[in-house]
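See structure below.
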Amino acid sequence: YSSFAWAAVRSKYFTIAIKENEPPLSKSFSTALNENTGNPGFAIDSFTQDAKASWQQSFVLYAGPADANILNTY
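The sequence shown: position 71 = 73 (the numbering used here), numbered continuously.
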């Protein structure tokens, strides 16, 4: 596994994207679809070589329209 710069899940109209800030700790990314609602989602697993009782991670998260130009017509 290696770290990633960003990950996203997109439906027809909406997008959820996440970008890990430095230093990268995330090692795996998986997507899922809620069988009851049809909503997309994802999970991120983290790992660090420097074992500690706790560590801190920060992310930039975008949740909104997949195409902002569509909203311009409203």
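Idealized CB from N, CA, C, for every residue including glycine.
- For A9, the enclosing beta strand (DSSP E) begins and ends at W8 to R12.
- Between the stretch 53-65 and the stretch 8-19 there are three or more C-beta pairs closer than 8 Å, enough to call the two in contact.
- Straight-line measurement puts the Cα of T75 at about 31 Å from the Cα of T33.
- Membership of A70 in any beta strand (DSSP E) is not indicated; the residue belongs instead to the alpha helix (DSSP H) covering A70 to L73.
- For A45, the enclosing beta strand (DSSP E) stretches over residues P42 to S48.
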